[in-house]
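Chains as they are written, first to last, in the numbering used here: chain A, 55 to 543; chain B, 817 to 940.
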């Protein structure tokens with residue numbers, strides 16, 4: 055019932071917004087018709103939209119990564135979840151999220167709800183003034199970040215969470231938690247503008263926020279049945295499809311070439327190819343370091359760790375990508391790749407995180423944010439206009455301290471608000487499916503169908519269901535199927 | 817010698833295997849099977865249409881034991897397989913005429929004797 059009321063209110067607000075006078079797109083259109091729209095608007099908008107589409111493609115990556123790491127009875131639910139969450143995030147980020155995140159204000163933005171009636175974009179969204187790409191293209195790009203951050207929360211909750219939890223938390227997350235957190239870090243809020251915190255594309259603002267929400271839900275949700283033995287030792291629950299996991303990793307990697315280079319929001323200064331290079335170098339170093347570390351600790355070249363190493367390093371380079379030289383990217387990636395296996399092994403002892411997101415997005419997000427304080431080149435800090443050079447250049451711990459403060463503040467804010475939200479959900483709606491539903495799998499218990507029907511329904515029932523015997527002329531026309539669950543007597 | 821054939825729930829198998837191993841009965845065989853009994857079917861809903869699936873997945877556990885050990889093994893299976901709900905399964909016991917160990921050609925009940933060293937490995 056609560057959900058229904060909420061969706062009704064959202065629909066009403068949307069209708070109200072549509073009635074308000076349009077400003078932005080009308081301005082662009084008018085300028086184009088009068089022949090005074092600069093070419094740079096079109097060029098920058100193309101790049102930002104292309105980058106946004108690459109980041110949106112990352113949803114596919116998350117889907118396949120999570121499906122690969124799930125058992126075969128919990129795969130269809132991932133598709134339903136990704137589609138639902140992506141859609142909720144789109145509507146909420148359009149209604150309020152973008153305004154909270156990038157509107158004027160040091161604590162919370164207050165211009166541009168429903169992307170309407172914000173006046174001059176340069177005044178309403180000051181931090182985006184560095185690029186003249188249209189506001190719609192910037193919205194698309196920033197929304198895609200919000201959707202990524204939300205997707206990160208859920209990988210950790212696979213195989214035991216109730217579907218409705220996704221819906222409730224997605225509304226709070228995309229409408230409040232993510233916009234406010236990211237506003238402070240890279241939306242012109244106080245951490246960025248007053249303290250000079252550096253986070254180019256969101257190691258903290260996107261990845262750490264998502265991972266922090268994940269930690270909050272995991273502490274309340276608990277482990278999957280069978281994850282820990284009676285003496286508390288962790289047991290492996292192998293995912294059912296490593297090739298799908300690998301496909302997910304490679305799609306995420308590709309998407310990152312929109313994530314980091316697109317955060318320039320501009321093509322005209324020619325910075326974006328260098329950021330793509332920096333991103334690639336870090337990921338490559340991360341894969342090798344992660345594989346080597348896993349080989350050292352366990353004696354095998356671990357397929358999952360190779361993929362997690364890539365993700366961890368990409369998360370690590372996200373904040374520094376616009377601030378560091380290529381050589382530094384290699385070092386940042388190496389350290390992230392080293393962190394990934396050790397973090398996964400350590401966290402697995404106590405917390406059941408099936409995809410390793412707490413490490414890859416959380417620990418590596420912290421590392422990437424701190425890495426700015428060490429490796430930021432003074433020329434790039436000056437060019438971007440936020441903060442100072444890093445420890446290696448200036449010998450001063452000031453930027454590193456700012457980065458650490460930012461991490462602590464964002465973690466505390468997101469964790470407390472998320473924990474409260476999940477606690478309320480747990481007390482009212484509940485977080486977990488029942489043990490029987492978990493044993494049966496979320497596909498059949500939450501969605502009424504199997505992701506792989508042939509694996510769970512005997513083939514004779516699939517083809518011969520309620521039909522006449524073989525040899526009959528009516529074989530092709532099934533008789534009326536039985537409609538209810540009947541115990542065989 | 818007796819053969820035990822038990823049809824059990826998936827989640828019951830691991831506790832049974834653990835305890836049988838501790839008691840010194842490591843030798844068993846399982847198969848993934850599907851069957852119907854008094855348990856209800858599961859109805860799948862696929863894009864608005866329904867399909868009721870009466871054949872439920874079970875584990876078939878088979879092992880052959882010396883007649884003296886029969887009661888121990890059966891009680892272990894019953895203990896862990898019983899949830900109290902319809903669908904817990906059944907255990908059948910049948911006589912076995914002869915047993916051979918392929919590696920040595922030995923025959924008779926001694927080929928089924930408990931393995932004390934298996935229990936040691938569990939403890940370790």
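The beta-carbon is built from N, C-alpha and C at its ideal position, and this holds for glycine as well.
Problem - Contiguous alpha helix (DSSP H) assignments of at least 4 residues, all confined to the region 93–167 of chain A - result: 93–123, 130–146 and 152–156
Exercise for the section: Mind listing the chain A neighbours of residue 858 of chain B? Cutoff is C-beta to C-beta under 7 Å, in chain order. Expected result: Residue 858 of chain B sits at position 42 when you count from the first residue of the second chain. Those are 498, listed as they occur along chain A.
Handout entry: Cβ of residue 512 of chain A within 7 Å of any chain B Cβ
Key = Here residue 512 of chain A refers to the residue found at position 458 of the first chain. So, interface residue.
Problem - Extent of the continuous beta strand (DSSP E) run through residue 846 of chain B - result: Counted from its first residue, the second chain places residue 846 of chain B at position 30. 845–851 is the span of the beta strand (DSSP E), which, as asked, contains residue 846 of chain B.
Problem - Beta carbon proximity, residue 229 of chain A to chain B, threshold 7 Å - result: In the first chain, counting from the first residue as 1, residue 229 of chain A sits at position 175. Answer no: the Cβ-Cβ gap between residue 229 of chain A and chain B never drops below 7 Å.
Exercise for the section: Could you confirm whether any beta carbon from chain B is found closer than 7 Å to the beta carbon of residue 522 of chain A? Expected result: Mapped onto the first chain, residue 522 of chain A falls at position 468. With a pLDDT of 42 at residue 522 of chain A, under the threshold of 50, the modelled position of this residue cannot be trusted; read the value that follows with caution. Taking Cβ atoms only, chain B never reaches closer than 7 Å to residue 522 of chain A, which makes this a no.
Practice task
With a threshold of 16 other CB atoms inside 10 Å of the CB of residue 928 of chain B, please say whether the residue is buried or exposed.
Solution key: What you label residue 928 of chain B is simply residue 112 of the second chain in a count that begins at 1. So residue 928 of chain B ends up on the buried side.
Practice task
In angstroms with no decimal places, state the Cα-to-Cα distance between residue 293 of chain A and residue 378 of chain A.
Solution key: Counting from one through the first chain, the residue named residue 293 of chain A turns up at place 239. Counting from one through the first chain, the residue named residue 378 of chain A turns up at place 324. Cα to Cα, the separation comes out at about 37 Å.
Handout entry: Exposure label - residue 316 of chain A; buried when at least 16 CB within 10 Å
Key = In the first chain, residue 316 of chain A corresponds to position 262, counting from 1. It is buried - the Cβ of residue 316 of chain A has at least 16 other Cβ atoms within 10 Å.
Handout entry: residue 487 of chain A in three-state terms, based on DSSP
Key = Reading the first chain from its first residue, position 433 is the one you call residue 487 of chain A. It is coil, neither helix nor strand.
Exercise for the section: Identify each residue in the region 860–878 of chain B for which the Cβ-Cβ distance to at least one residue of chain A is less than 9 Å, and report them in chain order. Expected result: 860, 861, 862, 863, 865, 866, 867, 868, 869, 870, 871 and 873
Problem - Contacting residues, own chain, Cβ-Cβ under 8 Å from residue 104 of chain A (five flanking each side not counted) - result: Numbered from 1 along the first chain, position 50 holds the residue referred to as residue 104 of chain A. So the list reads 312 and 316, once near-sequence residues are dropped.
Handout entry: DSSP beta-bridge partners of residue 911 of chain B
Key = Residue 911 of chain B sits at position 95 when you count from the first residue of the second chain. BP columns for residue 911 of chain B point to B:818.
Practice task
For chain A, find out if any of its Cβ atoms is closer than 7 Å to the Cβ of residue 850 of chain B; answer yes or no.
Solution key: Position 34 of the second chain, counted from the first residue, corresponds to residue 850 of chain B. Interface residue, yes.
Problem - residue 124 of chain A, buried or exposed, once every other Cβ within 10 Å from all chains shown has been counted against 16 - result: For the purposes of this step, residue 124 of chain A is taken as the residue at position 70 of the first chain. Flag for residue 124 of chain A reads buried.
Exercise for the section: Could you have a look at residue 481 of chain A and say whether DSSP puts it in helix, strand or coil? Expected result: Residue mapping note: residue 481 of chain A aligns to position 427 of the first chain, counting from 1. Note: residue 481 of chain A maps to helix in three-state DSSP.
Exercise for the section: Return yes when the Cβ of residue 151 of chain A is within less than 7 Å of the Cβ of residue 200 of chain A, no when it is not. Expected result: As a position in the first chain, residue 200 of chain A is number 146, starting the count at 1. As a position in the first chain, residue 151 of chain A is number 97, starting the count at 1. Closer than 7 Å, so yes.
Handout entry: Rounded Cβ spacing between residue 877 of chain B and residue 829 of chain B (contact assumed at less than 8 Å)
Key = Taking the first residue of the second chain as 1, we reach residue 877 of chain B at position 61. Taking the first residue of the second chain as 1, we reach residue 829 of chain B at position 13. Contact holds; Cβ gap of about 7 Å.
Handout entry: residue 861 of chain B: first and last residue of the uninterrupted alpha helix (DSSP H) it sits in
Key = Here residue 861 of chain B refers to the residue found at position 45 when the second chain is read from its first residue. Here residue 861 of chain B belongs to no alpha helix (DSSP H); instead the beta strand (DSSP E) covers 858–862.
Practice task
Would you check if the region 252–271 of chain A and the region 469–489 of chain A touch, i.e. whether three or more CB-CB distances between them fall below 8 Å?
Solution key: yes
Problem - Cross-chain neighbours of residue 827 of chain B in chain A, by beta carbon under 7 Å - result: If you number the second chain from 1, residue 827 of chain B lands on position 11. By Cβ distance, chain A contributes 493.
Handout entry: Proximal residues of chain B, C-beta to C-beta of residue 504 of chain A below 7 Å
Key = Taking the first chain and counting its residues from 1, one reaches residue 504 of chain A at position 450. Those are 860, listed as they occur along chain B.
Problem - Cα-Cα separation, residue 900 of chain B to residue 476 of chain A - result: As a working note, residue 900 of chain B is residue 84 in the second chain. As a working note, residue 476 of chain A is residue 422 in the first chain. The straight-line gap from Cα to Cα measures roughly 34 Å.
Practice task
With a cut-off of 8 Å on the beta carbons, I'd call residue 257 of chain A and residue 423 of chain A a contact; round off their distance for me.
Solution key: Position 203 of the first chain, counting from 1, holds the residue named residue 257 of chain A. Position 369 of the first chain, counting from 1, holds the residue named residue 423 of chain A. Contact flag correct, Cβ pair sits at about 5 Å.
Exercise for the section: Measure the CB-CB distance between residue 198 of chain A and residue 106 of chain A and report whether it falls below 7 Å. Expected result: Residue numbering aside, residue 198 of chain A sits at position 144 when the first chain is read from its first letter. Residue numbering aside, residue 106 of chain A sits at position 52 when the first chain is read from its first letter. Against a cut-off of 7 Å, the Cβ pair of residue 106 of chain A and residue 198 of chain A comes out as a contact.
Handout entry: residue 511 of chain A versus B:850, B:895, B:894 and B:885, residue with shortest Cα-Cα distance
Key = Indexing the first chain from 1 puts residue 511 of chain A at position 457. Of B:850, B:895, B:894 and B:885, the residue nearest in Cα terms is B:850.
Handout entry: Contact set for residue 406 of chain A: own chain, Cβ-Cβ below 6 Å, skip 5 residues either direction
Key = Against the first chain, residue 406 of chain A aligns to sequence position 352. Excluding sequence neighbours, residue 406 of chain A sits near 277, 278 and 281.
Problem - Where the beta strand (DSSP E) through residue 865 of chain B begins and ends - result: Here residue 865 of chain B is taken as the residue at index 49 of the second chain, counted from 1. Unbroken beta strand (DSSP E) run through residue 865 of chain B: 865–869.
Practice task
Look at residue 122 of chain A and residue 254 of chain A and say whether their C-beta atoms are less than 7 Å apart.
Solution key: For this step, residue 122 of chain A is matched to residue 68 along the first chain. For this step, residue 254 of chain A is matched to residue 200 along the first chain. No; because the gap between Cβ atoms is not below 7 Å, this pair is not in contact.
Exercise for the section: Could you tell me how far apart the beta carbons of residue 209 of chain A and residue 120 of chain A are, in whole angstroms, since I believe they sit closer than 8 Å? Expected result: Counting from one through the first chain, the residue named residue 209 of chain A turns up at place 155. Counting from one through the first chain, the residue named residue 120 of chain A turns up at place 66. Going by Cβ atoms, the distance from residue 209 of chain A to residue 120 of chain A rounds to 5 Å, so yes, they are a contact pair.
Practice task
In the DSSP assignment, find the beta strand (DSSP E) that holds residue 878 of chain B and state where it starts and stops.
Solution key: If you number the second chain from 1, residue 878 of chain B lands on position 62. Here the beta strand (DSSP E) through residue 878 of chain B covers 872–881.
Practice task
To the nearest angstrom, report how far apart residue 917 of chain B and residue 880 of chain B are at their CA atoms.
Solution key: Along the second chain, one-based indexing puts residue 917 of chain B at 101. Along the second chain, one-based indexing puts residue 880 of chain B at 64. Roughly 12 Å between the two C-alpha positions.
Problem - Helix, strand or coil at residue 511 of chain A according to DSSP, with G and I counted as helix - result: Position 457 of the first chain, counted from the first residue, corresponds to residue 511 of chain A. Coil at residue 511 of chain A, not helix or strand.
Handout entry: Inter-residue spacing [alpha-carbon to alpha-carbon] between residue 175 of chain A and residue 185 of chain A
Key = Taking the first residue of the first chain as 1, we reach residue 175 of chain A at position 121. Taking the first residue of the first chain as 1, we reach residue 185 of chain A at position 131. Rounded to whole angstroms, residue 175 of chain A to residue 185 of chain A spans 11 Å at the Cα level.
Handout entry: For residue 906 of chain B, the residue or residues it bridges with in DSSP
Key = Residue numbering aside, residue 906 of chain B sits at position 90 when the second chain is read from its first letter. Per DSSP, B:823.
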